Amino acid sequence: MEKFNMGHITSVLLVLALAGILHACSFFHDESTSSKRVARAFDKYLYKEDIVDLIPMGTSAKDSAILVNRYLESWIKQQLVLNKAKLNLSEQEAIKHMEKQLEDYRSSLIIYAYKKELIKQKLDTAVSDMKINEYYNDNVDNLILKDDIIRVRYVKIPKAAPDLDSAKKWCASELDEDITALEEYCHQYAKSYLLTEKEWILFENLKLELGSGFDSNNQEFEPNMMLESEDSMHVYLVYVLDLIRKENPAPVEYEREKIRDIILNRRRSELILKMEASTYQEGISKNYFELYK
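Encoded structure:
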């Protein structure tokens, strides 16, 4: 009889066993079933009713035949390999090892589901600005930029759009009414734009939007500068609000979401550790377990 490496054998059986669990209820029938049989592998039968739902409504006869043939071939291969595995896994040690793996996997799924529900019910997801700033101040030396970042007003306007001169004036203005006018203009005419003034973006991402007339080395971009370029179809307006070069500390606004995720991950870990510790103490006080020497 053909033999295999024990670790490989048990891994194969584990996969096949899980596959068998998923398919057993739907596709395996007693021989007494009156439905029309379409395939057999050893003592297992596949019936017409098992494959009807595999074919979407409106599928042509040719495509239906292809889908059915693919499924039949896959089903037969599965049964053949399953039988082969059973023949080569008669060793009691291998069976026991496989059963332990299945039990360990089941236990892991149950524990994971409980932890997920515990986090859903108990985790405090509110992260205040004070907490974010506190983390930022404590870790600013580790929050160094790897790329240039920039805050801008950016507008891409078709050359045929009206009143371009006003758009340019509004783009460089600090007056609230001018910014409002620019927003309304962009809604109506701009191909793309960014007017969220507190939002930091990667300089490289901005360059992807800009025409070739801008300096690719970033050197002509400085705070409070108004820059303009064009191509055959569009005019590009950029008013630089602020810029921070790489290798400098990132501003807290740029790292806000990252810091929030770090704080929440810490809370998740602390919540799980607290649950495990209290569960262990409960086990001691109620004699749920014993350690034998």
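Residue numbers (this note's numbering): 117 to 409. All residues carry an ideal CB built from backbone N, CA and C; glycine is no exception. Predicted model, so just to flag it, every value in this text is computed and none were measured.
Residue-chain proximity (residue i, chain D), Cβ-Cβ < 8 Å
{"i": "Gln194", "result": "Protein chains in the displayed structure number just one, and chain D is not present."}
Contact under 8 Å by Cβ, residue i with residue j
{"i": "Glu325", "j": "Ser345", "result": "no"}
{"i": "Lys160", "j": "Lys152", "result": "no"}
{"i": "Leu353", "j": "Cys287", "result": "yes"}
{"i": "Lys275", "j": "Val351", "result": "yes"}
{"i": "Ile260", "j": "Glu371", "result": "no"}
{"i": "Glu313", "j": "Arg269", "result": "yes"}
{"i": "Leu170", "j": "Leu183", "result": "yes"}
{"i": "Trp316", "j": "Glu369", "result": "yes"}
{"i": "Ile273", "j": "Ala242", "result": "no"}
{"i": "Ile192", "j": "Ala229", "result": "no"}
{"i": "Ile211", "j": "Leu205", "result": "yes"}
Bridge partner(s) assigned by DSSP for residue i
{"i": "Pro274", "result": "His350"}
{"i": "Glu344", "result": "Leu353"}
{"i": "Val268", "result": "Val356"}
{"i": "Ser244", "result": "Looking at the DSSP assignment, Ser244 forms no beta bridge with any residue, so it has no partner."}
{"i": "Leu318", "result": "Ile265"}
{"i": "Ile260", "result": "Pro365"}
Integer-rounded CB distance, given that residue j should sit under 8 Å from residue i
{"i": "Gln195", "j": "Phe158", "result": "6 Å"}
{"i": "Arg383", "j": "Leu188", "result": "No, Arg383 and Leu188 are not in contact; Cβ-Cβ is about 52 Å, not under 8 Å."}
{"i": "Ile375", "j": "Tyr252", "result": "6 Å"}
{"i": "Arg361", "j": "Asp264", "result": "5 Å"}
{"i": "Leu357", "j": "Leu234", "result": "Leu357 to Leu234, Cβ: 44 Å. No contact."}
{"i": "Ile295", "j": "Leu359", "result": "Not really, about 20 Å apart at Cβ, beyond 8 Å."}
{"i": "Leu291", "j": "Leu311", "result": "Going by Cβ atoms, the distance from Leu291 to Leu311 rounds to 14 Å, so no, they are not a contact pair."}
Residue interval of the beta strand (DSSP E) (run including residue i)
{"i": "Tyr161", "result": "Lys160 to Tyr163"}
{"i": "Arg361", "result": "Unbroken run through Arg361: none, as it is neither H nor E."}
{"i": "Leu310", "result": "Ser308 to Leu310"}
{"i": "Val154", "result": "Arg153 to Ala157"}
Extent of the continuous alpha helix (DSSP H) run through residue i
{"i": "Tyr396", "result": "Val368 to Ser401"}
{"i": "Thr296", "result": "Asp292 to Tyr305"}
{"i": "Asp281", "result": "Leu280 to Cys287"}
Residue i beta carbon near the ligand SAH (any heavy atom closer than 7 Å)
{"i": "Thr241", "result": "The ligand SAH is absent from the structure shown, which contains no ligand whatsoever."}
>> Quick check for students: name the residue ranges of the alpha helix (DSSP H) that lie wholly in the segment 183–256, counting only runs of 4 or more.
In response: 208–238 and 245–255
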